[in-house]
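Some notes on the structure that comes next.
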Amino acid sequence: MQFLYVYIALSLLHLNCALVSFPYSQVYQAPDITGTNKANFKCKNTCKVYVDGPTADIIVTKNGQTIVTFNIIASANGGFELAASDEYMIENRGEPNRDFVFYVVDSKAPNYGSPVFAPQVMLGIAFKGSSRYATFLSSFEAIEFSSFAGTYPDGYPRIYATGFDAAGDERCQPVYQARSQYNAEKSWPTIPTALLTVDFGFEGAHTVSANQVKAADPMKATGVTTVYTSPGYVGCSFNNGQNYHSTVSQVIEQFTLAADRLDVETVYDLKSNVEGIQFNVNDKKNLFVGTNSYSEHYSKDTFAVLLSWYKIAAGSSWAMQLDFGTDVDPPIITTTKIGSSLSVLPTLSVVIVQALLR
-12 MQFLYVYIAL
-2 SLLHLNCALV
8 SFPYSQVYQA
18 PDITGTNKAN
28 FKCKNTCKVY
38 VDGPTADIIV
48 TKNGQTIVTF
58 NIIASANGGF
68 ELAASDEYMI
78 ENRGEPNRDF
88 VFYVVDSKAP
98 NYGSPVFAPQ
108 VMLGIAFKGS
118 SRYATFLSSF
128 EAIEFSSFAG
138 TYPDGYPRIY
148 ATGFDAAGDE
158 RCQPVYQARS
168 QYNAEKSWPT
178 IPTALLTVDF
188 GFEGAHTVSA
198 NQVKAADPMK
208 ATGVTTVYTS
218 PGYVGCSFNN
228 GQNYHSTVSQ
238 VIEQFTLAAD
248 RLDVETVYDL
258 KSNVEGIQFN
268 VNDKKNLFVG
278 TNSYSEHYSK
288 DTFAVLLSWY
298 KIAAGSSWAM
308 QLDFGTDVDP
318 PIITTTKIGS
328 SLSVLPTLSV
338 VIVQALLR
């Protein structure tokens, strides 16, 4: 038994996921170049590259020759274009283990040319435009979205933990989906992941603000949607087990909120049989394990919520949307079919997890 404790505890030291691949793009972060200080990437056709911040020490090379620095990429309006080649390298020639997000997209990708932004510390992004998609990069703990404005179709705006090339892909689950126009305008979804794309649902005038924030304690209020995800969440079936790099390894929330109703939708894919999500609403206690989805409607005037999760396996991921509403709010609109599943961890597994967390 002691060996099992040690094995699981050691696994907690190796949770730094990083390289995430999509059909038309890849996302690189610091762990991808740990050790060698370099990593190869390819442009099948021409491609565009984007970074979350400037630095002269991290560069793109080809056959040992500098092609472009992250300084130049960060200042390039609309991304920096590279010619087709299989021989590009990301190289860090400065301080080791420096955080970064590097997003490379093939020119054949859907929505190619959509705007990409990188909010900085103390300097957020206020996007006002007409493109359907807007993508945001960040090495910080989370990005907080607010000030949505526009005449949205039902179920929009949505936020995907992908680049613009995979936003809207039927194999990708949105981490936030507005339930009404009012809900979109009032909500401040806070999402702890490195790459996020807003799908406004139409091309036309709309706005949104994005800021770097801590992942803990997202906004909670009546009429508002609150989003929780495992840090680094992606949510696409074709890259199952891949997560963005994050230094956050737990989510713990406990609060009480007055509202007429609470609607919950959750998807989860937990790779360890000793890993679970504890989710309690008032007297109803849920423990999610394995891979499944869960939805529930609660009707009461006050909701005491507890959410607790500690990461055990590197490939585990989950997302949860909580909609706190009143009786006069518009009806909840969803476009996904969610099933219900309640599971209980074996007693031995609970003991192991509790022992690790003491």
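Heads up, the sequence shown is in this note's numbering, so the first residue is -12 and it goes up one at a time. Heads up, the beta-carbon is just placed ideally off N, CA and C, and yes, glycines get one too.
Range covered by the beta strand (DSSP E) that runs through residue i
i, result
"residue 123", "120 to 124"
"residue 78", "72 to 79"
"residue 145", "145 to 147"
"residue 20", "Careful: residue 20 lies outside any beta strand (DSSP E) and carries neither H nor E."
"residue 34", "34 to 38"
"residue 220", "Segment: none, residue 220 is in no beta strand (DSSP E) and carries neither H nor E."
"residue 113", "112 to 116"
"residue 243", "237 to 245"
Pair within 8 Å by beta-carbon distance, residue i and residue j
i, j, result
"residue 41", "residue 27", "no"
"residue 134", "residue 195", "yes"
"residue 101", "residue 158", "no"
"residue 249", "residue 309", "yes"
"residue 78", "residue 35", "no"
"residue 170", "residue 210", "yes"
"residue 127", "residue 197", "no"
Cβ-Cβ separation, residue j to residue i (assumed contact under 8 Å), whole Å
i, j, result
"residue 200", "residue 177", "6 Å"
"residue 46", "residue 80", "7 Å"
"residue 307", "residue 253", "4 Å"
"residue 241", "residue 274", "Contact doesn't hold; Cβ gap of about 16 Å is too wide."
"residue 153", "residue 9", "5 Å"
"residue 122", "residue 151", "5 Å"
"residue 190", "residue 118", "6 Å"
Bridge partner(s) assigned by DSSP for residue i
i, result
"residue 52", "49"
"residue 85", "DSSP, once it has assigned bridges, lists no residue as partnering residue 85."
"residue 90", "14 and 37"
"residue 67", "36"
"residue 6", "Per DSSP, none; premise fails for residue 6."
"residue 27", "76"
Enclosing alpha helix (DSSP H) for residue i [first to last residue]
i, result
"residue 172", "168 to 173"
"residue 135", "Element bounds for residue 135: not the alpha helix (DSSP H) but the beta strand (DSSP E), 129 to 136."
"residue 58", "57 to 62"
Interface flag, residue i vs chain D, CB-CB below 8 Å
i, result
"residue 208", "Absence of chain D from the displayed structure is noted, only one protein chain being present."
Every unbroken beta strand (DSSP E) inside the stretch 250 to 309 [3 residues or more]: Residue ranges of uninterrupted beta strand (DSSP E) with 3 or more members, entirely inside the stretch 250 to 309 and ordered along the chain, are 264 to 268, 271 to 275, 278 to 286 and 289 to 297.
Starting from the N-terminal side, write out each stretch of the alpha helix (DSSP H) that is 4 residues or longer and does not extend beyond the stretch 146 to 215. Here the runs fully enclosed are 168 to 173.
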